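Residue numbers (this note's numbering): 1 to 88.
Ideal Cβ placement from N, Cα and C applies to all residues, glycine included.
Bear in mind that the values here come from a model prediction, so they are computed numbers and not experimental data.
Presented below is the structure to which this report refers.
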């Protein structure tokens, strides 16, 4: 089985997309994660990585799972949501 390659730039774009969907500014997100606004900007453009602690904070604040931010598995996420809907 081939492992997916983590693309920091694409992950940053997804973080930006979910931040904007929540109508959060970089400043607001930075405050919630307890990092600088510049650091959020660096993450969003793929210039910097982040600690596991900050990554976990982002997933909780943005309300998405880690796999969605890392690999854009939104199709799988939608499928799981549909299955849960019909099971419940």
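The alpha helix (DSSP H) with residue i in it runs from where to where?
i          : result
residue 52 : 52–62
residue 66 : 66–71
What is the DSSP secondary structure of residue i, counted as helix, strand or coil?
i          : result
residue 9  : helix
residue 41 : helix
residue 29 : helix
residue 17 : helix
Short check: CB of residue i to CB of residue j, under 9 Å?
i          : j          : result
residue 49 : residue 43 : yes
residue 35 : residue 54 : yes
residue 15 : residue 52 : no
residue 21 : residue 70 : no
residue 9  : residue 45 : yes
residue 81 : residue 66 : no
residue 33 : residue 68 : no
Report buried or exposed for residue i, applying the criterion of at least 16 other Cβ atoms within 10 angstroms of its Cβ.
i          : result
residue 86 : exposed
residue 84 : exposed
residue 6  : exposed
residue 1  : Residue placement at residue 1 cannot be trusted, given a pLDDT of 43 that sits under 50; the coordinates are not used to answer.
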